[in-house]
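What follows is a short report on a single structure.
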Amino acid sequence: MKGIKFAVVFAFLLSAGSLTGSWYLFQQYQMERAAREDLESQIVQLEERNASQESQLKLNREELERLNAQIEDETKKSRSLQEKLTQAEEEAGGLRERVSELEEENKNLARPAVLTPPAETEAVEENEELPKLPPPPVLSPAPMPVAKPVALPAAAKPKDVSPAVPVATPAPAAPAVDERPKQVLSVNRKFNFAVVNFGSRDKLQVGSLLQVEQNGKPVGRLQVEKLYENFSACTILEETKPSSIKEGDLVRLA
10 MKGIKFAVVF
20 AFLLSAGSLT
30 GSWYLFQQYQ
40 MERAAREDLE
50 SQIVQLEERN
60 ASQESQLKLN
70 REELERLNAQ
80 IEDETKKSRS
90 LQEKLTQAEE
100 EAGGLRERVS
110 ELEEENKNLA
120 RPAVLTPPAE
130 TEAVEENEEL
140 PKLPPPPVLS
150 PAPMPVAKPV
160 ALPAAAKPKD
170 VSPAVPVATP
180 APAAPAVDER
190 PKQVLSVNRK
200 FNFAVVNFGS
210 RDKLQVGSLL
220 QVEQNGKPVG
230 RLQVEKLYEN
240 FSACTILEET
250 KPSSIKEGDL
260 VRLA
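The following block contains the structure:
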């Protein structure tokens with residue numbers, strides 16, 4: 010009987026120990042599970058954060074590429090503008106030289122011509138062309154017994170040349186007339202203007218309209234913007250075809 014009680018008590022204690030161990034193991038399992046779930050949650054958060062950072066990094070990289078492309082485009086535009094500015098400065102320098110040449114030509118045309126009076130010219134030519142004559146020889150007539158003395162003709166004397174010829178003061182010479190055909194001297198396509206040898210002495214005025222012709226056919230019209238005595242700078246108003254007005258085309262009042 011005691012053996013049975015002992016067995017029952019032992020079985021009860023064993024069951025209680027097993028139950029306690031099971032409970033302890035269950036608690037450990039719950040704790041480990043909670044810890045694992047927490048770690049998994051942290052891993053998910055880290056992955057999400059990493060994905061967000063990668064996305065932001067990608068956006069930053071794309072923005073950087075866009076900015077680099079924009080900087081390169083602006084650099085190309087700046088270089089192109091610099092080249093255009095240099096070209097414009099060169100064309101402006103050439104235009105200034107052309108205007109200076111035309112102004113010098115204008116001064117030469119406006120300067121009165123120096124004319125030599127005909128009387129002075131003839132006197133100078135006569136002095137230069139008249140030969141020097143030797144002095145006449147002295148002849149002694151031979152004695153003749155019967156004939157009367159014969160008078161020898163006087164030797165020819167050189168023509169007297171007056172050393173100084175009075176020169177009449179010439180009248181002021183009339184201004185030289187520009188008989189060249191009225192035509193286009195130069196064309197600047199960048200600034201859309203042309204220079205013609207048509208000026209104020211041709212009764213031209215600022216705002217006057219000019220017709221440009223090639224082989225007798227009109228190819229365009231100009232309007233005077235800057236006026237000088239023998240030439241003017243004109244704006245190209247219209248052309249029958251693009252770039253149809255060229256250097257050497259004839260010009261007349263419209």
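Take the sequence shown: its position 188, counted from the start at 1, is 197 in the numbering used here, and no numbers get skipped. Note that the Cβ used here is the ideal one computed from N, Cα and C, for glycine as well. Quick caveat: nothing in here was measured; it's all calculated off a predicted structure.
Own chain residues within Cβ distance below 8 Å of arginine 107, not counting five before or after
Residue numbering aside, residue 107 sits at position 98 when the sequence shown is read from its first letter. Answer for arginine 107: Leu194, Ser195, Val204, listed in chain order.
My guess is that glycine 229 and glutamate 247 are in contact by the Cβ rule of under 8 Å, so how many angstroms apart are they, rounded? Within the sequence shown, residue 229 is the residue found at index 220, counting from 1. Within the sequence shown, residue 247 is the residue found at index 238, counting from 1. At roughly 6 Å, the Cβ-Cβ gap stays under 8 Å, so glycine 229 and glutamate 247 are in contact.
Please report the residue range of the beta strand (DSSP E) in which glycine 216 lies.
Within the sequence shown, residue 216 is the residue found at index 207, counting from 1. No beta strand (DSSP E) contains glycine 216, which DSSP labels as neither H nor E.
Three-state secondary structure (DSSP) of threonine 244: Here residue 244 is taken as the residue at index 235 of the sequence shown, counted from 1. Strand at threonine 244.
Of the choices Asn197, Asn206, Gly208, Gly26, whose alpha-carbon is the least far from that of threonine 244? Working through the sequence shown from its first residue, we reach residue 244 at position 235. That would be Asn197, whose Cα lies nearest to the Cα of threonine 244.
> Is it the case that the CB of asparagine 201 approaches a heavy atom of the ligand GDP more closely than 7 Å?
Replying inline: Questions concerning the ligand GDP fall outside what the structure shown contains, since it holds no ligand whatsoever.
Tell me, please, which residues DSSP counts as bridged to proline 227. Here residue 227 corresponds to residue number 218 of the sequence shown, with the count starting at 1. Answer is Glu222.
What separation, rounded to the nearest whole angstrom, lies between the Cα atoms of leucine 76 and glutamine 62? Within the sequence shown, the letter at position 67 stands for residue 76. Within the sequence shown, the letter at position 53 stands for residue 62. Whole-angstrom Cα-Cα distance: 20 Å.
So the candidates are Lys255, Val221, Thr249, Gly102; which of them puts its Cα closest to the Cα of leucine 262? Residue 262 sits at position 253 when you count from the first residue of the sequence shown. That would be Val221, whose Cα lies nearest to the Cα of leucine 262.
- Spatial distance of alanine 44 from tyrosine 38 (CA atoms): Taking the sequence shown and counting its residues from 1, one reaches residue 44 at position 35. Taking the sequence shown and counting its residues from 1, one reaches residue 38 at position 29. Answer to the nearest angstrom: the Cα atoms are 10 Å apart.
**OP:** Look at the alpha carbon of lysine 168 and the alpha carbon of lysine 116, and state the distance between them as a whole number of angstroms.
**Re:** Counting from one through the sequence shown, the residue named residue 168 turns up at place 159. Counting from one through the sequence shown, the residue named residue 116 turns up at place 107. Since pLDDT at lysine 168 reaches only 48, below the 50 mark, its modelled position is unreliable, and no value is offered.
Out of Lys93, Pro227, Ser241, which has the shortest C-alpha to C-alpha gap to lysine 250?
-> For the purposes of this step, residue 250 is taken as residue 241 along the sequence shown, with counting starting at 1. Closest by alpha carbon: Pro227.
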